[in-house]
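If you want the working numbering, it's the 1-based position in the sequence shown plus 1.
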Amino acid sequence: MSTGLWLAIIGAGLAAFLPGVGSAIGVGTAGRAAAGVLAEDPDKFGKLFLLVALPGTQGFYGFIAALFIILKVGLLGEPKMVDVVTGLQILLAAVPIIFLGYFSAIFQGKVCTAGVEMTAKKPEASMKPVIYGAMVETYAVLGLLTTIFILNGIKL
């Protein structure tokens with residue numbers, strides 16, 4: 002296996018790993034807050050579910066980016082020859098989703114945690130914090146799209 006292919010594999014691994022870690026942190030943060038609310042009022046589960054699940058999407062975005070890289074270099078079949086420069090380009094193409102996915106999931110978890118606390122006090126306003134969480138989500142989506150566009154511009 003060439004050094005370039007290894008660099009591309011590192012990019013795919015980081016693209017899946019760091020947004021996944023961020024999602025686990027974000028979902029865990031919001032989930033802890035929701036568990037406290039549900040201990041007092043289990044009927045709020047439906048109103049809290051989306052706030053807890055929302056930070057998990059970045060993990061999926063990272064997986065999608067990793068899959069694009071895996072398909073590009075042929076890891077599901079016959080691996081393509083990837084020189085060092087191209088491997089580095091692929092690794093760097095993953096940087097937007099790596100960092101935006103990781104950090105936005107953590108911060109989205111904090112926003113959603115605040116939303117859980119708000120919903121505990123005012124259940125009728127439970128969709129308002131979802132909008133704030135979706136605003137953070139925008140940057141993860143932009144990171145994924147940027148990674149995909151850069152990958153599509155890299156020639157093998």
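C-beta: ideal position from N, C-alpha, C; glycine also.
Between Gln59 and Ala126, the gap from beta carbon to beta carbon reaches 8 Å or more.
Per DSSP, reduced to three states, the secondary structure at Ser3 is coil, with no helix or strand assignment. Distances from the CA of Val53 to each of Gly63, Ala25, Lys73 and Pro43 were compared; the closest alpha carbon is that of Ala25. Excluding its 5 nearest sequence neighbours in each direction, Leu143 has C-beta neighbours in its own chain below 8 Å: Pro97 and Leu101, listed in chain order. Taking 8 Å as the cut-off, the Cβ atoms of Ala9 and Ala66 do not count as close.
Taking each of Thr30, Gly5 and Lys48 in turn and checking the Cα distance to Gln109, the smallest one comes out for Thr30. Ala95 counts as buried, since at least 16 other C-beta atoms from the protein chains shown sit within 10 angstroms of its C-beta. Within 10 angstroms of the beta-carbon of Gly27 lie 16 or more other beta-carbons, which makes it buried. In this structure Gly12 touches Ile91 by the C-beta definition: roughly 5 Å separates them, less than 8 Å. Excluding residues up to 5 positions away in sequence, Tyr62, Ile65, Ala66 and Ile98 lie with their Cβ nearer than 7 Å to the Cβ of Leu145 in the same chain. For the beta strand (DSSP E) assignment, the region 84 to 147 encloses no uninterrupted run of at least 3 residues. Short of 6 Å from the beta carbon of Gly134, and not among the five residues preceding or following it, lie these beta carbons of its own chain, in chain order: Leu55, Gln109, Val112 and Cys113. Relative to Thr120, the option among Met2, Leu93 and Phe46 whose CA is nearest is Phe46.
Assignment of Gly12 by DSSP, reduced to helix, strand and coil, places it in the helix class. Per DSSP, reduced to three states, the secondary structure at Glu79 is coil, with no helix or strand assignment.
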